[in-house]
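Below you'll find the structure, written out as structure tokens, and then a few comments.
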Amino acid sequence: MKVLKLSAQGLPQSWISLEEAVLHYAADEVRWEAGGEIAVFHGGHNAITGEQSVITVNSIIGTKGVPSINPFDLRPSLTNSKLFTRDRNVCAYCGVDHHETELTREHIIPFAQDGQDHWMNVVTACRLSPPNHSLPSRVGGCIPMRRRVLRHFWTGKDYEYGLRVRIYGRTAVGRVRGQS
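Basically our numbering = 1-based index in the sequence shown + 3.
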């Protein structure tokens, strides 16, 4: 089980283990807490009062001090699931909406031509689409007369606020979560 560690201002810092959360509580670094109680730790007994120490850990804690991580400087990792969400499960070749199990990652500039595996160089494609190394006249799948998504313009803020995509020379703005 993990605890969401936030800065005192509420900016996400990291997911931490219960043990790390207990260390923050014991060092009196927890400014505020939210969410429900997820664990109770019982410690030793006080030699003078005989009272046992107890630390209750909440699912979200806000810690004192200056944040060590600025989440706006972070770039989201590239996974197929996030890519499919960005592209709304639509194949860049045929323009058809597919289930996630029918999709794959396609590189705009292939690895063989020094293409890289990053957000600006990948699109969602259905498994029927011909890969970059196959012949364009492949029968039985999507024939890419022209890629529907010509280029993705991706910045760190686009992950949060939206995505600009050039479709046939026009710029469309779409939300990562939800339809627009």
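The C-beta atom is built at its ideal place from N, Cα and C for all residues, glycine as well.
Computed from a predicted model, the values in this text were never measured in an experiment.
Where the alpha helix (DSSP H) containing residue i begins and where it ends
{"i": "Phe87", "result": "83-89"}
Proximity of residue i and residue j at Cβ, strictly below 8 Å
{"i": "Thr59", "j": "Asp90", "result": "no"}
{"i": "Ala30", "j": "Ile63", "result": "no"}
{"i": "Leu81", "j": "His121", "result": "yes"}
{"i": "Ile111", "j": "Asn92", "result": "no"}
{"i": "Glu103", "j": "Ser132", "result": "no"}
{"i": "Gln16", "j": "Pro79", "result": "no"}
{"i": "Ala24", "j": "Val43", "result": "no"}
{"i": "Trp35", "j": "Gly65", "result": "yes"}
{"i": "Met4", "j": "Ile51", "result": "no"}
{"i": "His45", "j": "Glu54", "result": "no"}
Opposing strand residues paired with residue i [DSSP bridges]
{"i": "His45", "result": "Val57"}
{"i": "Gly65", "result": "Leu9, Trp35"}
{"i": "Ile19", "result": "Val6"}
Identity of the residue in the options nearest residue i by Cα
{"i": "Leu14", "options": "Gln55, Phe75, His48", "result": "Phe75"}
{"i": "Lys8", "options": "Ile111, Lys67, Val93, His101", "result": "Lys67"}
{"i": "Ser20", "options": "Asn61, His45, Arg34", "result": "Asn61"}
{"i": "Ser10", "options": "Glu23, Ala42, Asn73, Val57", "result": "Asn73"}
{"i": "Leu26", "options": "Val57, Gly118, Gly39, Pro79", "result": "Val57"}
{"i": "Ser84", "options": "Gly118, Val43, Thr107, Phe44", "result": "Thr107"}
{"i": "Cys97", "options": "Cys129, Glu105, Ala115, Phe114", "result": "Cys129"}
Residue-level contact to chain D via CB, residue i, 8 Å cutoff
{"i": "Glu103", "result": "Any reference to chain D falls outside this structure, which holds one protein chain only."}
| said: If we require 3 or more residues per run, which beta strand (DSSP E) segments fall completely within the segment 92-134? | reply: 106-110, 125-129
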